[in-house]
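Those protein sequences? They're chains A and B, same order as listed.
The first sequence begins at 2 in the numbering used here and counts up one residue at a time.
The second sequence begins at 14 in the numbering used here and counts up one residue at a time.
Using N, Cα and C, we set each Cβ at its ideal position, and we do this for glycine too.
Here the structure is a predicted model, which is why all the values come from computation and not from measurement.
Everything below concerns the one structure shown next.
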Amino acid sequence: MRRGLVAAFRELDATCDAIVALKKAKYDFTVYTPTPRHEIEHALEPPMSPVRRYTLIAGLLGVTFGYWIPIWTSEYWPMVVGGKAIGSWIPYTIIGFEVMVLVGALTTVAAMFIHSRIPKITATTGFDPRFTHGDYGIYVEAAPDRLKEAEATLRKFGAVDVRGES
Amino acid sequence: MASFAEPLRPNIASADVQLPGVRDYEQVDNEIIGTLKPTKGWFAAFGVAVALFLMGAATWIYQIYWGLGNAGYAPPVMWGVYIITFVFWVGIGHAGTLISAILFLFRAGFRTTIYRCAEAMTVFAVMTAGLFPIIHIGRPWKFFWLVPYPNWRLLWPNFKSPLVWDVFAISTYLTVSATFLYVGLIPDIAVLRDRETNPVRKRILAVMSLGWRNSEPEWRHFMKMYLFLAAFSTPLVLSVHSVVSFDFAMALTPGWHATIFPPYFVAGAIFSGIGMVFTIIIPIRKFFKLQHYVTINHLDAAAKLCLFTSMVVGCAYLIEFFIAWYSGVKVEQDYFWNRVFGEWWWAAWIMLTCNMIFPLSLFSQKLRRNPSWLWILSIFINIGMWFERFVIIVPSLSHEFEPWQWGTYAPSWVDMAILVGSFGWFFMWFLLFIKQLPVVAIAEVKEVVPPRLRSHARGHGIDTEGHHLPYGTETPGEHD
Numbered sequence: 002m003r004r005g006l007v008a009a010f011r012e013l014d015a016t017c018d019a020i021v022a023l024k025k026a027k028y029d030f031t032v033y034t035p036t037p038r039h040e041i042e043h044a045l046e047p048p049m050s051p052v053r054r055y056t057l058i059a060g061l062l063g064v065t066f067g068y069w070i071p072i073w074t075s076e077y078w079p080m081v082v083g084g085k086a087i088g089s090w091i092p093y094t095i096i097g098f099e100v101m102v103l104v105g106a107l108t109t110v111a112a113m114f115i116h117s118r119i120p121k122i123t124a125t126t127g128f129d130p131r132f133t134h135g136d137y138g139i140y141v142e143a144a145p146d147r148l149k150e151a152e153a154t155l156r157k158f159g160a161v162d163v164r165g166e167s
Numbered sequence: 014m015a016s017f018a019e020p021l022r023p024n025i026a027s028a029d030v031q032l033p034g035v036r037d038y039e040q041v042d043n044e045i046i047g048t049l050k051p052t053k054g055w056f057a058a059f060g061v062a063v064a065l066f067l068m069g070a071a072t073w074i075y076q077i078y079w080g081l082g083n084a085g086y087a088p089p090v091m092w093g094v095y096i097i098t099f100v101f102w103v104g105i106g107h108a109g110t111l112i113s114a115i116l117f118l119f120r121a122g123f124r125t126t127i128y129r130c131a132e133a134m135t136v137f138a139v140m141t142a143g144l145f146p147i148i149h150i151g152r153p154w155k156f157f158w159l160v161p162y163p164n165w166r167l168l169w170p171n172f173k174s175p176l177v178w179d180v181f182a183i184s185t186y187l188t189v190s191a192t193f194l195y196v197g198l199i200p201d202i203a204v205l206r207d208r209e210t211n212p213v214r215k216r217i218l219a220v221m222s223l224g225w226r227n228s229e230p231e232w233r234h235f236m237k238m239y240l241f242l243a244a245f246s247t248p249l250v251l252s253v254h255s256v257v258s259f260d261f262a263m264a265l266t267p268g269w270h271a272t273i274f275p276p277y278f279v280a281g282a283i284f285s286g287i288g289m290v291f292t293i294i295i296p297i298r299k300f301f302k303l304q305h306y307v308t309i310n311h312l313d314a315a316a317k318l319c320l321f322t323s324m325v326v327g328c329a330y331l332i333e334f335f336i337a338w339y340s341g342v343k344v345e346q347d348y349f350w351n352r353v354f355g356e357w358w359w360a361a362w363i364m365l366t367c368n369m370i371f372p373l374s375l376f377s378q379k380l381r382r383n384p385s386w387l388w389i390l391s392i393f394i395n396i397g398m399w400f401e402r403f404v405i406i407v408p409s410l411s412h413e414f415e416p417w418q419w420g421t422y423a424p425s426w427v428d429m430a431i432l433v434g435s436f437g438w439f440f441m442w443f444l445l446f447i448k449q450l451p452v453v454a455i456a457e458v459k460e461v462v463p464p465r466l467r468s469h470a471r472g473h474g475i476d477t478e479g480h481h482l483p484y485g486t487e488t489p490g491e492h493d
């Protein structure tokens, strides 16, 4: 059975030191920060967000659809004017571009939702409202026998408050 | 205190504008959330906006009942105040995306405290703009014929028509801008959620914040998403007003058929949008006492952008005259002569004075750093940019190729009431926004404030003994 500890920190460097120590001790943990900080990113060294792949694929699909729909409709019900091309790609670039942006942007947001696991039904486990204000936070999950050691590490690096979470 | 003062001449090349009057995250939360408390002034402004909107809505109903003939259209001028106002409001929206997306990609620090206001302005301005083609067609219940889906005979809209391009451009712009605004708000809504005491409001904010918790993985994906959204929005800003300009430039009408129209429209849109940003943000910073967030240096940097776009627009006006002369086309030359000395000379001179001459005052640093002057200038810019669209549309249509076709145009009370009503509609939404959601981005302002560190107590806004310095509403270094 795994349980958790929620720790609140006031200072950024203390949080980063605690992250490095917890990583070294191979704990599973989540960090909270009121605003994105490069210092935390450097301490954590997280993997690159996969959101960019969704953006690329959705953008390509969008531009393909954006060209296809006017070309297909023009061929389906041709409007013959002078010697002009029925499926004229230059004016259809506008449609292609706009659909690329629309599909690409909405998919990028959807990818962020999927990978951030939002919407969340509950925001209480392993979380403290202080983390949306000014404090940094770490939620450590571990087997009960390792929690004492984790608490000692968190307090050693300057956690102002540590509480258990089940 | 002096050692923490903001430099008088900030480095605008890197746009590194600091907030020395902001000492910690708690102050940011308290002061920005403090703007959500309703005041008597807010109720008065909201009442005026709703009254104007209701007047405009009632006039529109009157027009629908009695017909589009009440709108002042008279052949050959069949585009008038509604299309002028449509282009005006689309233009207003552009500064929001410029400030939030383009300046984000350029890492311009001065965007941080003004971009939320500008983004909200974009969404409400494009919402307002979208109403005008519908009002203009006279039978608004038929507007969906422009939406790209086939009718019962499987006939699709003509994708070679600039009006269909407009539908794609504006609807994409509205969707992406609204998405940009909302996702940018999620972390701030989470801050509001955790501070709210009213259970009903807390519940609503909990749903709107989608359970955001400020965790590192959330921020990591959020920042990547924000970067790509900005990357998509940047060419979108340039494309949307280019597409709007194609409504004119693809026609053979004198004064319209010009290759300079797309960049000219884009620069004009950004110029008018920055004008509206000043109109809105200067009263907000004064009434909500946010002078130490939206500092004089922020306004100075935005004023330089305003001056730059004014000069681009001015250059475009002059090039239009040059091209008309150089083309050797008689109708084109007559049109431009008529523009400044003909029937509509007063409109053209309002445009030239407000958009080209008055903004030159921003070469003076004193005036750039004077909020009262910036606000007055912004009103001139709004007026000048509305008249720019008037000058493009009305004189061109009233003096086309054949003299027997020439006519005149006078807006009716219906046109004017709907125009005024559109301002009521825009400000009604904007005032509702600033009372429900933070008008300054809480999370992004926190990025600018140096974090509290254990290793050295002395830092931003903290004295040698680790005590917070007192702060006033005026940012140090704001005054010459």
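(1) Can you tell me whether DSSP reads Ser211 of chain A as helix, strand or coil?
(2) Relative to the alpha-carbon of Asp129 of chain A, which residue among A:Ala9, A:Phe30 and A:Arg4 has its alpha-carbon at the smallest distance?
(3) Measure from the alpha carbon of Gly109 of chain B to the alpha carbon of each residue in B:Ile406, B:Phe137, B:Phe99 and B:Tyr95, then state which is nearest.
(4) Any chance the CB of Thr65 of chain A is under 6 Å from a heavy atom of the ligand NAD?
(5) Suppose contacts are defined by Cβ-Cβ distances below 7 Å. Is Ser409 of chain B in contact with Gly268 of chain B by that definition?
(6) State the CB to CB distance for the pair Gly88 of chain A and Ile72 of chain A, rounded to an integer number of angstroms; the pair is presumed to be in contact (CB under 8 Å).
(7) Name the residue from B:Val461, B:Asp347, B:Arg467 and B:Leu466 whose alpha carbon lies nearest to the alpha carbon of Ala121 of chain B.
(8) Could you please tell me which residues of the region 207 to 240 of chain B, in chain order, have their CB closer than 9 Å to any CB of chain A?
(9) Looking at the strands, I want to know which residues DSSP matches up with Phe30 of chain A.
(10) Give the secondary structure of Val342 of chain B by DSSP, where H, G and I count as helix, E and B as strand, and everything else as coil.
(11) Counting only the same chain and skipping the five closest in sequence on each side, list residues whose C-beta sits under 6 Å from that of Leu81 of chain B.
(12) Check each residue of the region 69 to 87 of chain A: if its Cβ is closer than 8 Å to any Cβ of chain B, include it; give the result in chain order.
(13) Leaving out five residues before and five after Thr486 of chain B in sequence, what residues of the same chain have Cβ atoms less than 7 Å from its Cβ?
(14) Taking 8 Å as the cut-off, does the region 64 to 73 of chain B touch the region 311 to 330 of chain B (at least 3 CB pairs, one atom from each stretch)?
(15) Here's a check: name, in chain order, each residue in its chain whose Cβ is nearer than 7 Å to the Cβ of Lys448 of chain B, leaving out the five neighbours to either side.
(16) Closer than 7 Å, CB to CB, is Glu166 of chain A near chain B or not?
(17) Would the region 40 to 58 of chain A count as touching the region 222 to 235 of chain B if we require 3 or more Cβ pairs under 8 Å?
(18) Note down, one range per segment and in chain order, each alpha helix (DSSP H) of at least 4 residues found wholly within the region 251 to 324 of chain B.
(19) Does Ser16 of chain B come out as helix, strand or coil in the three-state DSSP assignment?
(20) Verify the CB distance criterion: does Pro145 of chain A have a CB-CB separation below 7 Å to chain B?
(21) Would you call Ala340 of chain B buried or exposed, if buried means 16 or more other Cβ atoms sit within 10 Å of its Cβ?
(22) Chain A partners of Asn171 of chain B, CB-CB under 7 Å?
(23) Ends of the beta strand (DSSP E) at Gly165 of chain A?
(24) Evaluate Asp18 of chain A with the Cβ neighbour count: other Cβ atoms within 10 Å of its Cβ, from every protein chain shown; 16 or more gives buried, anything less gives exposed.
(25) Any beta carbon of chain A sitting closer than 7 Å to that of Arg465 of chain B?
(26) With DSSP as the reference, identify every bridge partner of Arg4 of chain A, one or two as the case may be.
(27) Quick check: what's the CA-CA separation for Thr135 of chain B versus Tyr422 of chain B?
(28) Is it right to say Phe119 of chain B is buried, meaning 16 or more other beta carbons lie within 10 angstroms of its own, or is it exposed?
(29) Using the C-alpha atoms, what's the distance from Val103 of chain B back to Ala282 of chain B?
(30) Note down the Cα distance separating Pro170 of chain B from Ile77 of chain B, rounded to an integer number of angstroms.
(31) Going along chain A in order, which residues have a C-beta closer than 9 Å to the C-beta of Ser252 of chain B?
(32) If you check the beta carbons only, do Gly135 of chain A and Pro35 of chain A fall under 7 Å apart?
(33) Are Phe117 of chain B and Ala243 of chain B touching if we call contact CB-CB under 7 Å?
(34) My understanding is that Ser174 of chain B touches Ile202 of chain B, with C-beta atoms under 8 Å, so please give their C-beta distance in whole angstroms.
(35) For a contact meaning CB atoms closer than 7 Å, what does Trp158 of chain B contact in chain A?
(36) Taking C-beta to C-beta, are Tyr55 of chain A and Ala106 of chain A nearer than 7 Å?
So, to answer that:
(1) Shown here, chain A extends from 2 to 167; a query on residue 211 of chain A therefore has no answer.
(2) Residue A:Ala9 is the option with its Cα nearest to Asp129 of chain A.
(3) Nearest C-alpha to Gly109 of chain B: B:Phe137.
(4) As for the ligand NAD, it is missing from this structure, which has no ligand bound.
(5) Yes, these two residues count as a Cβ contact at 7 Å.
(6) The C-beta separation of Gly88 of chain A from Ile72 of chain A comes to about 4 Å, placing the pair in contact by the 8 Å criterion.
(7) Shortest Cα-Cα distance from Ala121 of chain B to any of B:Val461, B:Asp347, B:Arg467 and B:Leu466 involves B:Val461.
(8) For the region 207 to 240 of chain B, which is checked against every Cβ of chain A, the residues closer than 9 Å are Asp207, Arg208, Ala219, Val220, Ser222, Leu223, Gly224, Trp225, Arg226, Asn227, Ser228, Glu229, Pro230, Glu231, Trp232, Arg233, His234, Phe235, Met236, Lys237, Met238, Tyr239 and Leu240.
(9) Checking the DSSP bridge columns, you'll see Phe30 of chain A partnered with A:Val141.
(10) Coil.
(11) Within the same chain, Leu81 of chain B has close Cβ partners Gly151.
(12) Cβ contacts with chain B come from Ile70, Pro71, Thr74, Ser75, Tyr77, Trp78 and Met80.
(13) Since pLDDT at Thr486 of chain B reaches only 40, below the 50 mark, its modelled position is unreliable, and the value read off the structure follows with that caveat. Here the set comprises Lys302, Gln304 and His305.
(14) In short, these stretches do not touch, since the Cβ pair count stays below three.
(15) The answer, listed in chain order, is Leu49, Pro51 and Trp55.
(16) Using beta-carbon distances, Glu166 of chain A does not count as an interface residue toward chain B, since no partner is under 7 Å.
(17) Touching, yes.
(18) Listed in chain order, they are 274 to 300.
(19) Only weak support is given to the placement of Ser16 of chain B: the predicted model assigns it a pLDDT of 41, under 50, and the question is left unresolved by the model.
(20) With 7 Å as the cut-off, Pro145 of chain A does not count as an interface residue toward chain B.
(21) This sequence places Ser at residue 340 of chain B; Ala is not what is there. Counting other Cβ atoms within 10 Å of its Cβ, Ser340 of chain B stays below 16 and is therefore classed as exposed.
(22) The answer, in chain order, is Met80.
(23) Per DSSP, Gly165 of chain A is one residue of the beta strand (DSSP E) stretching across Ala160 to Glu166.
(24) Label assigned to Asp18 of chain A: buried.
(25) Yes, its Cβ sits closer than 7 Å to a Cβ of chain A.
(26) DSSP links Arg4 of chain A through a beta bridge to A:Ala143.
(27) Thr135 of chain B and Tyr422 of chain B have their C-alpha atoms some 30 Å from each other.
(28) It counts as exposed.
(29) CA-to-CA, the gap between Ala282 of chain B and Val103 of chain B works out to about 7 Å.
(30) Cα atoms of Pro170 of chain B and Ile77 of chain B: separation of roughly 25 Å, rounded to the nearest angstrom.
(31) Within 9 Å Cβ-Cβ: Ile95, Phe98, Glu99 and Val102.
(32) A contact, by the Cβ cut-off of 7 Å.
(33) The beta carbons of Phe117 of chain B and Ala243 of chain B sit closer together than 7 Å.
(34) Contact doesn't hold; Cβ gap of about 40 Å is too wide.
(35) By Cβ distance, chain A contributes nothing, its closest Cβ being about 15 Å from Trp158 of chain B, past 7 Å.
(36) Going by C-beta atoms, Tyr55 of chain A is not nearer than 7 Å to Ala106 of chain A.
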